[in-house]
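Peer 1: Got a structure for you, questions after.
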Amino acid sequence: MSALLVRAEGLGKSYPKVYRSRDRLRALGRLLLNGANPDSISVLRDIDLEVRRGESLGLIGENGAGKSTLLKLITGVLTPSAGRVTVNGEIGALLELGAGFHPEYTGRDNIAMSAALHGLDAAELRERLPQIIEFADIGRYIDEPVKHYSSGMIVRLGFAVVAALKPDLLITDEVLAVGDESFQKKCVRWMQDYLDAGGTLLLVSHSMYHIQKLCRRACWLRAGEIVMQGDVFDVTQAYLAYHEKKSAPAIIEEKSSAAGLEFSVADVALNGIRSESPLILQWGDAMRVSARIHSRDARTPALAIGIIRVDGTPVYGVTTDMDGAIPLRVSDHEYACEIEFEALALLPGSYTLRVHSMDPEGVRLFDTAERSFVVRGTSRETGLVRLPHRWKSELGMEGPA
Amino acid sequence: MPSGLLIYRFVGRELRNRFAGSIWGGFWALFQPLLQLAIMSFVFVRIFSARVPGLGAGDYAPFLAVALWPWTAFADGVLRATTSIQENAALIGKVAVPRELLVLSSVAASFLIHIAGFIAVVLVLALMGTGIRLSGLLPALLLYVPLLTLVAGLALICASLQVFVRDLSQALGQLLPLMLYCAPVFYDRMQVPPDYRSLFDLNPFTFYAETFRAILLDHGTFDNGRLLVACVVALGVLLIGHVLFRRLKPHFEDFL
């Protein structure tokens, strides 16, 4: 077991209730007399958390769950009201947009300021400055006051500074979302290299894609408490399932309105399971999708099946019409259809399956049902699917004679 | 403990903030006091014909100047530092910066600016052939050490209380001029009715006003006993400020 980098025990944070200025005076009196701070709103309770060197932990949860507060407690920006937190190393934190940047100063001056705050001396700064400016890649804006920057440029600058520090523990709070595609990729690549080199990462993100890509472990916070902690796939799946359940009433409503459609998806089961929570498959397992379609006019519907990755990338789509398959008639208005993918070629990750009901001609789309599933496995291949392949060990076999 | 570089950067930041956007920048730090000296000499000496008993007509300007510039450092230092935590709320909420640094760098910046002005004024007055003893400049600068200590203590107290009670900076804006008029800066203690003279010792600035004059103008006497008392008071205030600040700083974030 590697060394413990962060340890939080019974950590809690509450904010005093101050609505009027008189409350402030009373709070001051209490603080001076006995150090206690009553009348408070608790935002974080009983957090026990351990992060070891070389680990990567993703923090997920809804808005207001206490993720940012937890990060601020770990970085020492906030003082805990209960419990304690110990950190044995240098922290590089990117907590909020433009954290600590002075709007009137140029990017260059702000880099110097941030570097000093992180304990870099003048020589180290001189050495790393070109590297920082290159990483930020904001051109001539480096000599403009930060107040003229776009939010993306501020994040670029902030990340560039933290990247140059090579801290023991890197903490970022949903800042990547602001950067453009290429910068996000650059940051993700940098974080992967950093993790490969033994760095430790604490990441808050609403993008399960980023969390799953960068973190081995995840911690799910809800209303200031840890709901679940453990393997990143288990936690993110549970979290997504929770969200699906939360938005379930809306789906039921859709269904009732869908009942009036000419063709509606009445039921979908994955490998015979109807649950809303994601199906877990091992790499190479078979997946069977069974769907029932309600047909208002008793005409035979067509069916479309689509698989997309959790980030929205389409992977595969096919219809009964294309393959010349015809859904089975169960009763006057009910049709059933089943499709089996034997030895699913999808690489480990989270996916969504969509079932669409269509008119008999396979032209118009009427209704959509979604199910999510996870492919588990330890493959290090990249991309979406494993393409059938074979390495040739001898070169020039087919070469010109 | 904040590193030397961090302190340097923060004081630099403070100085730049004060002159931010002005074309002449730091030049104002020297030009302003000289302009002020000219205006005051004109108003007090020419219009009011202000005189201190026992001193000539031309002696009023240096009499006032050597006490007024230390006062400006004192008042500016306390007043600006009082709001330093509040004004840096954005920084405090996002970066783990030592809180004391914000207060103390504000005080340091005030003193750097006003000591520079003080030196300029003393040199100009000496060149004009007033009764200023240039050999007193170095001891006068040393006298800024206990003054700085006192202001640092007051600044820590006021800055931490200001976070909770926002009225403090408003009240200080009124209290500080009152303190100025109740110190022998514009006048000499000997001009005050005898019954009230000893009350002036309650004002911490009285000692500094009188001692700067004793050092630079040979006006009044330099008293080692009073210097000792002033140093003890300054250290005491700094200690109180330190304890209070340390007690309250974990809660700043909650009240900003």
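Same order as they appear, the protein sequences are chains A and B. Going letter by letter, the first sequence gives residues 1 to 401 in the working numbering. Going letter by letter, the second sequence gives residues 1001 to 1256 in the working numbering. A virtual CB, placed ideally from N, CA and C, is assigned to each residue, including glycine.
Run through the stretch 31–70 of chain A for me and flag every whole alpha helix (DSSP H) of 4 or more residues, listed as ranges in chain order.
Peer 2: Those alpha helix (DSSP H) runs which fall completely within the stretch 31–70 of chain A and span 4+ residues do not exist here.
Peer 1: Just the C-alpha distance for E1014 of chain B and A1109 of chain B, rounded to the nearest angstrom, thanks.
Peer 2: Looking at the two C-alpha atoms, the distance is approximately 6 Å.
Peer 1: In chain order, what residues of the same chain lie with their CB nearer than 7 Å to the CB of R156 of chain A, ignoring the 5 residues before and after it?
Peer 2: Closer than 7 Å at the Cβ level, and outside the excluded window around R156 of chain A, lie A136, D137, I138, G179 and F183.
Peer 1: From which residue to which residue does the alpha helix (DSSP H) around P1177 of chain B run?
Peer 2: Here the alpha helix (DSSP H) through P1177 of chain B covers D1167 to Y1181.
Peer 1: Identify each residue in the stretch 15–43 of chain A for which the Cβ-Cβ distance to at least one residue of chain B is less than 8 Å, and report them in chain order.
Peer 2: Cβ contacts with chain B: Y15, P16, V18, S21, R24, L25, A27, L28, L31, L32, G35 and N37.
Peer 1: Any beta carbon of chain A sitting closer than 9 Å to that of E1100 of chain B?
Peer 2: No, no contact with chain A.
Peer 1: Spatial neighbours of A112 of chain A within its chain, please: C-beta separation below 7 Å, excluding the five flanking residues on both sides.
Peer 2: The residues are L125.
Peer 1: Residues of chain A with a CB under 7 Å from the CB of L1005 of chain B: which are they?
Peer 2: Neighbours of L1005 of chain B on chain A, chain order: A116, D121 and A122.
Peer 1: Here's the rule I'm using: 16 or more other beta-carbon atoms within 10 Å means buried, otherwise exposed. How should H1219 of chain B be labelled?
Peer 2: Classification of H1219 of chain B: buried, given that the 10 Å Cβ count is 16 or more.
Peer 1: So with CB distances below 7 Å, who are the chain A contacts of V1097 of chain B?
Peer 2: By Cβ distance, chain A contributes L117.
Peer 1: Looking at C-alpha atoms only, which residue of A:G64, A:V385, A:K17 and A:D359 is the closest neighbour of L261 of chain A?
Peer 2: When each option's Cα is compared against that of L261 of chain A, the closest is A:D359.
Peer 1: Establish whether the CB of A286 of chain A and some CB of chain B are separated by less than 9 Å.
Peer 2: A286 of chain A does not count as touching chain B.
Peer 1: Would A93 of chain A count as contacting chain B if we go by Cβ distances under 9 Å?
Peer 2: For A93 of chain A, the answer is yes, since a Cβ of chain B falls inside 9 Å of its Cβ.
Peer 1: So for L5 of chain A, helix, strand or coil by DSSP?
Peer 2: It is a strand residue.
Peer 1: Please classify S1041 of chain B as buried or exposed, where buried requires at least 16 neighbouring CB atoms within 10 angstroms.
Peer 2: When all chains shown are included, S1041 of chain B counts as buried.
Peer 1: Could you check if D1076 of chain B is buried or exposed, using at least 16 other CB atoms within 10 Å of its CB as the buried criterion?
Peer 2: Counting Cβ neighbours within 10 Å, D1076 of chain B comes out buried, since at least 16 surround it.
Peer 1: Determine, using beta carbons only, whether V1122 of chain B and A1065 of chain B come nearer to each other than 9 Å.
Peer 2: The answer is yes: Cβ separation under 9 Å.
Peer 1: Considering just the uninterrupted stretch of the beta strand (DSSP E) at S290 of chain A, what are its terminal residues?
Peer 2: Residues M287 to S295.
Peer 1: To the nearest angstrom, how far is the alpha carbon of Y1187 of chain B from that of V1052 of chain B?
Peer 2: Going from the Cα of Y1187 of chain B to the Cα of V1052 of chain B covers about 7 Å.
Peer 1: Taking the alpha-carbon of T1083 of chain B as reference, which of B:L1148, B:L1035 and B:A1171 has the nearest alpha-carbon?
Peer 2: It is B:A1171.
Peer 1: In chain order, what residues of the same chain have a beta carbon less than 7 Å from the beta carbon of E1253 of chain B, not counting five sequence neighbours either side?
Peer 2: Answer for E1253 of chain B: I1092 and G1093, listed in chain order.
Peer 1: Of all the residues that make up the stretch 62–81 of chain A, which are near chain B by a beta-carbon distance shorter than 7 Å?
Peer 2: So the close ones are T75, G76, V77, L78 and T79.
Peer 1: Let me confirm a value: I1132 of chain B is counted as buried when at least 16 other C-beta atoms fall within 10 Å, else exposed. Which label applies?
Peer 2: Buried.
Peer 1: Need the endpoints of the beta strand (DSSP E) that E334 of chain A sits in, please.
Peer 2: Note, E334 of chain A: beta strand (DSSP E), E334 to F341.
Peer 1: Step through the CB atoms of chain A and report whether any lies within less than 9 Å of the CB of I1132 of chain B.
Peer 2: No - not a single Cβ of chain A is within 9 Å of the one on I1132 of chain B.
Peer 1: Residues in its own chain within less than 6 Å of L169 of chain A by CB, not counting five upstream and five downstream?
Peer 2: L5, G89, I91 and T200, listed in sequence order.
Peer 1: Return helix, strand or coil for I252 of chain A, following the three-state DSSP convention.
Peer 2: Here the model assigns I252 of chain A a pLDDT of 47, short of 50, so the residue's position is not dependable, and the following value carries that caveat. Of the three classes helix, strand and coil, the one that applies to I252 of chain A here is helix, per DSSP.
Peer 1: Could you please tell me which residues of the stretch 339–365 of chain A, in chain order, have their CB closer than 9 Å to any CB of chain B?
Peer 2: Per Cβ criterion, the list is empty.
Peer 1: Going by beta carbon distance, what residues of the same chain come within less than 8 Å of E253 of chain A, once the five residues before and after it are set aside?
Peer 2: The predicted model places E253 of chain A with a pLDDT of 47, which falls under 50 and marks its position as unreliable; any figure quoted below should be read in that light. Correct list: empty, nothing qualifies.
Peer 1: Bridge partners for T349 of chain A per DSSP, in chain order?
Peer 2: Per the sequence shown, residue 349 of chain A should be read as Gly rather than Thr. According to DSSP, G349 of chain A bridges with A:V375.
Peer 1: Compare the Cα-Cα distances from G306 of chain A to each of A:W391, A:G284, A:L176 and A:E340 and report the closest residue.
Peer 2: The option with the nearest alpha carbon to G306 of chain A is A:E340.
Peer 1: E96 of chain A versus chain B: which residues are under 7 Å apart at the beta carbon?
Peer 2: Ordered by position in chain B, the residues that pass the 7 Å Cβ test against E96 of chain A are K1094.
Peer 1: Just the Cα atoms here: how many angstroms apart are A223 of chain A and N63 of chain A?
Peer 2: Going from the Cα of A223 of chain A to the Cα of N63 of chain A covers about 9 Å.
Peer 1: What does I273 of chain A pair with, by DSSP beta-bridge criteria?
Peer 2: Partner(s): A:L270.
Peer 1: Given a threshold of 16 other Cβ atoms within 10 Å of its Cβ, counted over all protein chains shown, does L353 of chain A qualify as buried or as exposed?
Peer 2: Its Cβ being crowded by 16 or more others within 10 Å, L353 of chain A is buried.
Peer 1: Would you check if there are 3 or more beta carbon pairs closer than 8 Å linking the stretch 101–116 of chain A to the stretch 207–224 of chain A?
Peer 2: Touching, no.
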